[in-house]
Structure formats: C-alpha cells, structure tokens
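Just so we're on the same page, this note's numbering is the position in the sequence shown counted from 1, plus 883. All residues carry an ideal CB built from backbone N, CA and C; glycine is no exception.
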Amino acid sequence: MGVTASAPAKVILFGEHFVVYGEPAIVMAIDKRAYAKVELRQDKRLYLHSVNLNLAGYFENGYFQVEQGDAKE
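Below you can see the structure in the form of structure tokens.
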C-alpha cells in the first residue's frame, strides 16, 4: 500500500527566479506530468526509480546508491 501523486510539468519563459521577490513570470503548464509513488519498505530505505531517466537506486548515509542506469555527481 502506498500513495501516488502527479503534477503537471511547466514551461517558464522568463522570470523563474524573480518570482521569489514578488516579480512577474510567464509560466504555463504543458501536456506532460511528473509522477511519484511512496510506499513503506521493509529495509527503511528511500528508493528512487525513474522510467524516463532509466535510473533506479536508493539513498544510504547521504549518498545515492545506483542499482540501475548511470548516475553522475
């Protein structure tokens, strides 16, 4: 059992960092979504699996341990 959530992707034409100072930005959602699923694991590890990036692994002692794919620092 777990929780799944998704959010629309966005395109920021300009103003990405200015909005934190109350300035305007041109932003719109696009027809792509990001998905996340959270489940309790017996080993208590935070596990990451990305189909689009062909990457899978888990975090241990502050480092990402790759199980599939190629992760660069």
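Q: Could you give the DSSP three-state label for Val921: helix, strand or coil?
A: On the sequence shown, residue 921 is found 38 positions in, with the first residue counted as 1. In this structure, Val921 counts as strand in the three-state DSSP scheme.
Q. From Val903, Glu906, His900, Lys915, pick the residue whose C-alpha is nearest to that of Ala890; which is it?
A. Looking up residue 890 in the sequence shown gives position 7. Comparing Cα-Cα distances from Ala890 to each of Val903, Glu906, His900, Lys915, the minimum goes to Lys915.
Q) According to DSSP, is Val910 helix, strand or coil? A) Position 27 of the sequence shown holds residue 910. Here Val910 sits in strand by DSSP.
Q: Please state whether DSSP places Val902 in a helix, a strand or coil.
A: For the purposes of this step, residue 902 is taken as the residue at position 19 of the sequence shown. Helix.
Q.
Do Glu922 and Ala939 have their beta-carbon atoms positioned less than 7 Å apart in this structure?
A. Here residue 939 is taken as the residue at index 56 of the sequence shown, counted from 1. Here residue 922 is taken as the residue at index 39 of the sequence shown, counted from 1. Cβ atoms of Ala939 and Glu922: not closer than 7 Å.
Q. Any beta-carbon of chain C closer than 7 Å to the one on Asn937?
A. Looking at the structure shown, chain C is missing, and only one protein chain is on hand.
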